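Presented below is the structure to which this report refers.
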Amino acid sequence: MELILEQMPIVLPALNAGFIQTLKLFLVTLVGALPLGLVIAFGAMSRFKPLSLLTKLVIWIVRGTPLMIQLLIIYYFPGLVLDNPIWGSGEKGRFLAASVAFVFNYACYFAEIYRGGIQSVPIGQEEAGLVLGMTKTQIFFRVKLLQMIKRIVPPVSNEIITLVKDTSLSRIIALQEVIWAGQAFMKGTQGISGAIWPLFFTAVYYLIFSGVLTVLLGKLEQKLEYFR
Amino acid sequence: MKKLLALLLTGCMMAATLVGCGAKTEAVADADAEVAVEETAEVASDLAYVQEKGVLVVGITDFAPMDYKDEAGEWIGFDADMAKGFAEKLGVEVEFVEIDWDNKILELDGKTVDCIWNGMTLTDEVKAAMDCSNAYCNNAQVVIVPAEKAADYQTVESLEGLAFAVEAGSAGEAEVTALGLNCTPVKAQSDALMEVAAGTSDAAVIDSLMAAAMVGEGTGYADLTYTVGLNSEEYGVGFRKGSDLVAELNAYFVESYAAGTMQTCAETYGVVAALVEQK
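Taken in sequence, the protein lines are chains A and B.
Per the working numbering, the first sequence starts with residue 45, numbered consecutively.
Per the working numbering, the second sequence starts with residue 236, numbered consecutively.
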């Protein structure tokens, strides 16, 4: 215990720096994947068969392969096969590659949630809108969208909480997020070696962060309650 | 009939996707072609490639005393300092990048790093995947046991029956397997130490340089110690296959050994006893 208190001032800043990477990846993924998911959902629901089939094929590939493999392919493939390491070797390139992988992966999951939300609005509402002379676009934005948003909040929250923890996968391409930072003290860094507790301590960061998110998303759900 | 049509359509889509993918790859390759024209020599000369981009990217892990950070966050260590000197001789900047050790060959071949310079044991696997420099340091694999049991395990024969933890793919694993001892592969040498500390394994096998830094009095594993040395092995620097940087580095090693700068550097980091003569 004494040793832990002694090591705390060195370990915490390192873990904080790692957690900032985790947070950055989390935010970039949300900002990118939430809208991209909608585009993909429209693709999958398109009445133009080739487009919807192609989109579904992409969704199948992305959801059907482990995110870890996708990270490895996106980061190493350009240099290994195309002989052109487009991402670069530094922290920035690794972060960019991880962001692309995460945005694309999560967009595909969000797309399926959106599709479920949109299709859960009763067909009668669309028919009513058409009778009233509204266009399809008007019907989507004025009738369906809000109802869909209300319905998808719980499943999207679920994905968001999963995303918090999935960011740790990015350590496979040596992005130095919080778990990497914690493990570094086991191998030895900054004069501390063989310290096991920092690795387990990273769990506290995840717990606090997902706790905050749970509260926020719960509030959002309440706000949308009037819409029942 | 409908089913047949659906199947046909699916087939068409698959083909279209594949063609699409192929075309995309070509487009990228075309874009590269322009760059490649002026870099045709690149395949032949890694040296020219590194000098053109002006930076030697060194793949490392945080591994005292070879590569580690000082208080200011600067990479130092025997390997780091030698790498700085080598880059200076080539007339390029040096950049240290922390990598996942499991992916070192991917990093090297994917050109995200230009060399692996991190107390790397020259195993057959390493030599098969990379072109390596001459050995510059000696190292041994040592057995780690709890200090209070150390007296019982001073010979290779006494190790029989112990449950070992070793790093997967490491020289230690090869040694233990060769002796026919019971072992569990774990992800890293540090994990192997944790296994012993937690009592989930009786003993571990790790690098002696690492053992000196990580176990015993004043370290995080004060109640562990090392006993038997299993084999001796050598450290080298890894480059891409066919790289002309290997010859450059060997020449640099000879030069700095003759000038005594390599020995001075080794003294700074306490690895003088392990240093291999360069000639």
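Just so you know, even glycine gets a beta-carbon here, dropped at the ideal spot from N, CA and C.
No experiment lies behind these values; they were computed from the predicted model shown.
- Within the DSSP secondary-structure output, serine 467 (chain B) pairs in a beta bridge with B:Ala375.
- Distance from the CA of isoleucine 196 (chain A) to the CA of phenylalanine 154 (chain A), rounded to the nearest whole angstrom, comes to 9 Å.
- Unbroken beta strand (DSSP E) stretches of 3 residues or longer found wholly inside the segment 368–422 of chain B: 372–381, 398–402 and 417–421, given in chain order.
- Scanning A:Lys231, A:Leu80, A:Arg186 and A:Ala142 for the CA closest to the CA of leucine 213 (chain A) turns up A:Ala142.
- Within the segment 417–428 of chain B, the residues whose Cβ lies closer than 9 Å to some Cβ of chain A are Ala423, Gln424, Ser425, Asp426 and Leu428, listed in chain order.
- When DSSP reads this structure, aspartate 442 (chain B) sits in a beta bridge with B:Gln376.
- In the displayed model, glycine 354 (chain B) falls within a strand according to three-state DSSP.
- Nearest to valine 391 (chain B) by alpha-carbon distance, out of B:Tyr371, B:Leu414 and B:Lys476, is B:Leu414.
- With its beta carbon less than 8 Å from one in chain B, serine 237 (chain A) belongs to the interface.
- With a cutoff of 8 Å on beta-carbon distance, leucine 261 (chain A) and serine 201 (chain A) are scored as near each other.
- Under DSSP, valine 293 (chain B) takes part in a beta bridge, and its partners are B:Phe331 and B:Cys350.
- Taken in chain order, the unbroken stretches of alpha helix (DSSP H) that lie wholly in the segment 81–164 of chain A and span 4 residues or more are 93–108, 111–124 and 135–163.
- Looking at the DSSP output, isoleucine 236 (chain A) sits in a beta bridge with A:Thr233.
- For leucine 341 (chain B), the closest C-alpha among the options B:Cys372, B:Gly434, B:Val361 and B:Gly455 is that of B:Val361.
- Only buried fits tryptophan 131 (chain A), as 16 or more other CB atoms lie within 10 angstroms of its CB.
- Taking a Cβ-Cβ threshold of 7 Å, the residues of chain A close to glutamate 333 (chain B) are Ala218 and Gln220, in chain order.
- Taken in chain order, the members of the segment 292–304 of chain B whose beta-carbon sits within less than 9 Å of a beta-carbon on chain A are Val292, Gly294, Thr296, Asp297, Phe298, Ala299, Tyr303 and Lys304.
- In its chain, beyond the 5 residues on either side, Tyr492, Val507 and Leu510 have a beta carbon closer than 8 Å to the beta carbon of glutamine 498 (chain B).
- Only Glu330, Val332, Glu333, Ile334, Asp335, Asp337, Asn338, Leu341, Glu342, Asp344, Gly345, Lys346, Thr347, Val348 and Asp349 from the segment 326–353 of chain B bring a Cβ to less than 9 Å from some Cβ of chain A.
- If you draw a 10 Å sphere on the C-beta of arginine 475 (chain B), you find 16 or more other C-beta atoms in it, and that means buried.
- Annotation: Cβ neighbours of alanine 228 (chain A) in chain B (cutoff 7 Å, chain order): Asp297.
- Nearest CB-CB separation between glycine 404 (chain B) and chain A: not below the 8 Å threshold.
- At least one CB atom of chain A sits nearer than 8 Å to the CB of methionine 449 (chain B).
- Taking the Cα positions, glutamate 328 (chain B) is about 9 Å away from glutamine 286 (chain B).
- Residue state for threonine 435 (chain B) is assigned as coil, using DSSP reduced to three classes.
- Listed in chain order, the positions of the segment 83–95 of chain A with a beta carbon within less than 8 Å of a beta carbon of chain B are Lys93 and Pro94.
- Val450, Thr454, Gly455 and Tyr456: these are the residues of the segment 450–472 of chain B whose beta carbon lies less than 8 Å from some beta carbon of chain A, given in chain order.
- Not flagged as an interface residue toward chain B: serine 214 (chain A), since no C-beta distance is shorter than 8 Å.
- Taking the beta carbon of glycine 134 (chain A) as reference, the chain B residues within 8 Å of it are Glu330 and Val332, listed in sequence order.
- By the criterion of a C-beta distance shorter than 7 Å, leucine 80 (chain A) is surrounded in its chain by Val147 and Ala151, once the five residues flanking it on both sides are discounted.
- Around glutamine 114 (chain A), no beta-carbon contact reaches into chain B at under 9 Å, the shortest distance being about 15 Å.
- Proximity of chain B to glycine 161 (chain A) at the Cβ level (cut-off 9 Å) is not reached, the minimal Cβ distance being about 26 Å.
- Between alanine 364 (chain B) and isoleucine 351 (chain B), the alpha-carbon positions lie close to 12 Å from each other.
- Spanning the alpha carbons of isoleucine 113 (chain A) and glycine 232 (chain A) requires a straight line of approximately 28 Å.
- When C-alpha distances from leucine 116 (chain A) are compared across A:Ile216, A:Leu71 and A:Tyr249, the shortest belongs to A:Ile216.
- DSSP places valine 511 (chain B) outside both helix and strand once states are collapsed to three, so it counts as coil.
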